[in-house]
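Note that my numbering gives residue 75 to position 74 of the sequence shown, counting from 1, and the numbers run on in steps of one. Even glycine gets a Cβ: it sits at the ideal position worked out from N, Cα and C. Since the structure comes first, as C-alpha cells, the remarks are kept for the end.
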Amino acid sequence: MYSNPQAQICINGTLTEKFDLFRGCRQGCPVSPFLFNLAIEPLAEAIRANEEIAGINIGKTQNKISLYADDIILYLTSPEQSIPAILDLITKFGTISGYKINLTKSNALLINSSVSNRLKREHSNCTC
C-alpha cells in the first residue's frame, strides 16, 4: 500500500522536488485511525489496569478511556490521585513510543470547581 511513498510541498504556488516519506500516513488515509488505535492500545490497557486511576462506573463496568480515530477521552474520578497517575503513564509511554500530547489541541473538563482550579495550576506546565 505504501511502497516508496513520496510527497511534494506547494510553496507560493510552486511545487518542491519530491522527497521520500519514512513515517506516517497520507492525510485522509482510511487506515490512519486503525493504525493509531493499534499503536495507542498499550497505553489504553495500562490506563485500564492501573488501580490508581479511578474511572466512572456505569453498571458493573468501570470506564476510564475511550478511543475514537485519533482522539482519546478520559473519564476520571478522584482527579487528585488519577491525574498524576495518568501523566506518569503518558510520560513513560511517550519515552518508549515517541507519543506526545499536543497541548494546543487538548482540553480538560473538570466538574468540581475548587478541585479544578487547583489542579489546573498544578498541571499547567505538563510536558507530556
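Taking 8 Å as the cut-off, decide whether the C-beta atoms of ILE132 and LYS65 are in contact. Only positions 2 to 129 of the chain appear in this structure, which leaves residue 132 out of reach.
On a CA-only basis, which of SER4, ILE54, GLU53 and LEU36 is nearest ASP21? Give me that one, please. SER4
Have a look at PHE23 and GLY14 and give me their C-alpha separation to the nearest angstrom. 25 Å
Rounded C-alpha distance that separates ILE83 from GLN28: In the sequence on display, residue 83 carries Ser and not Ile. Using only the alpha carbons, I get a separation of about 34 Å.
How is ILE57 classed by DSSP in three states: helix, strand or coil? strand
Does PHE94 pass the burial test, meaning 16 or more other C-beta atoms within 10 Å, or should it be called exposed? buried
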